[in-house]
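Here is the structure we will look at, set down as structure tokens.
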Amino acid sequence: MGMSVTISAATEADAEQILKLQYLCYQSEAQLYGDYSIEPLTQSLDSVRAELAGGKVLVARLGDEVVASVRGTVDADGTARINKLIVHPRMQRHGLGGRLLSAIEADLGTTGATKRFQLFTGHRSEHNLRLYRKHGYAQVSTKRVDERLTLVTLAKDTEANAFAASA
Numbered sequence: 770m771g772m773s774v775t776i777s778a779a780t781e782a783d784a785e786q787i788l789k790l791q792y793l794c795y796q797s798e799a800q801l802y803g804d805y806s807i808e809p810l811t812q813s814l815d816s817v818r819a820e821l822a823g824g825k826v827l828v829a830r831l832g833d834e835v836v837a838s839v840r841g842t843v844d845a846d847g848t849a850r851i852n853k854l855i856v857h858p859r860m861q862r863h864g865l866g867g868r869l870l871s872a873i874e875a876d877l878g879t880t881g882a883t884k885r886f887q888l889f890t891g892h893r894s895e896h897n898l899r900l901y902r903k904h905g906y907a908q909v910s911t912k913r914v915d916e917r918l919t920l921v922t923l924a925k926d927t928e929a930n931a932f933a934a935s936a
């Protein structure tokens, strides 16, 4: 009998597993852009703990193992910023990233103050771009970081905000 993946709020005890998973998951991004100094690969355990304390962090577990994670915060202007959506390489292409994205949107959207969701990825990260577009995100801006990387910012209105705008 196989185990199912469960999604829940991360706890302080998950910090080390999240950091190790993040390091594993961002290797492909670092290779894609030829830059192993990206923040997800240099982030400290204390910094991950601070993110756990200061925002929403969800994890997906297979048994006791953290196999995916996502983080988010809501700004004063009502923008929910979603970041570091990571899925263990062996668990990718099975819908887990989409499940986590939907779960963090639902979690961040419950405050009533959230007007829009926003996230970013690199311009060469086709799988990420495809996932975000599939979930209703549209490109709102680009920012060239250096000769190798352009960040693509994508956003979408919350369901309630989209309904109000169409009324």
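Numbering (this note's numbering), first residue to last: 770 to 936. All C-beta atoms, glycine included, are put in the ideal place defined by N, C-alpha and C.
Buried versus exposed call for G864 [16 or more other C-beta atoms within 10 Å across all chains shown]: For the purposes of this step, residue 864 is taken as the residue at position 95 of the sequence shown. Exposed, by the Cβ-count rule.
Assigned exposure category for T911 - 16 Cβ within 10 Å defines buried: Reading the sequence shown from its first residue, position 142 is the one you call residue 911. Around the Cβ of T911, a 10 Å sphere holds fewer than 16 other Cβ atoms; the residue is exposed.
Beta-bridge partners of A875, as assigned by DSSP: Locating residue 875 in the sequence shown gives position 106, where the first residue counts as 1. Per DSSP, none; premise fails for A875.
Span of the beta strand (DSSP E) around S806: Here residue 806 refers to the residue found at position 37 when the sequence shown is read from its first residue. Premise fails: S806 is in no beta strand (DSSP E) and is neither H nor E.
Bridge-paired residues (DSSP) for T919: Within the sequence shown, the letter at position 150 stands for residue 919. Paired residue(s): R913.
Terminal residues of the alpha helix (DSSP H) in which G823 lies: Start at 1 with the first residue of the sequence shown, and residue 823 comes out as number 54. First-last of the alpha helix (DSSP H) with G823: 814-823.
E798 versus V826: straight-line alpha-carbon distance, rounded: In the sequence shown, the residue the question calls residue 798 occupies position 29. In the sequence shown, the residue the question calls residue 826 occupies position 57. E798 and V826: Cα-Cα distance of roughly 21 Å.
Opening and closing residue of the beta strand (DSSP E) in which Q887 lies: Residue numbering aside, residue 887 sits at position 118 when the sequence shown is read from its first letter. Looking at the DSSP string, the run of the beta strand (DSSP E) that includes Q887 is 885-891.
Status (buried if at least 16 other CB within 10 Å, exposed otherwise) for Y906: As a first step, residue 906 is located in the sequence shown; it is residue number 137 there, counting from the start. That one is buried.
Buried/exposed call for L869, threshold 16 Cβ in 10 Å: In the sequence shown, counting from the first residue as 1, residue 869 sits at position 100. Buried: at least 16 other Cβ atoms inside 10 Å.
Cutoff 7 Å; reference S806; Cβ partners in own chain excluding five residues on either side: Here residue 806 is taken as the residue at index 37 of the sequence shown, counted from 1. The answer is none, since no qualifying residue turns up.
Top-ranked residue by Cα proximity to A924, from L888, S894, D844: As a first step, residue 924 must be located in the sequence shown, where it is residue number 155. Measuring from the Cα of A924, the nearest candidate turns out to be L888.
Member of L814, L810, T883, D833 whose CA lies at the smallest distance from the CA of A845: What you label residue 845 is simply residue 76 of the sequence shown in a count that begins at 1. T883 is the residue among L814, L810, T883, D833 whose C-alpha sits nearest the C-alpha of A845.
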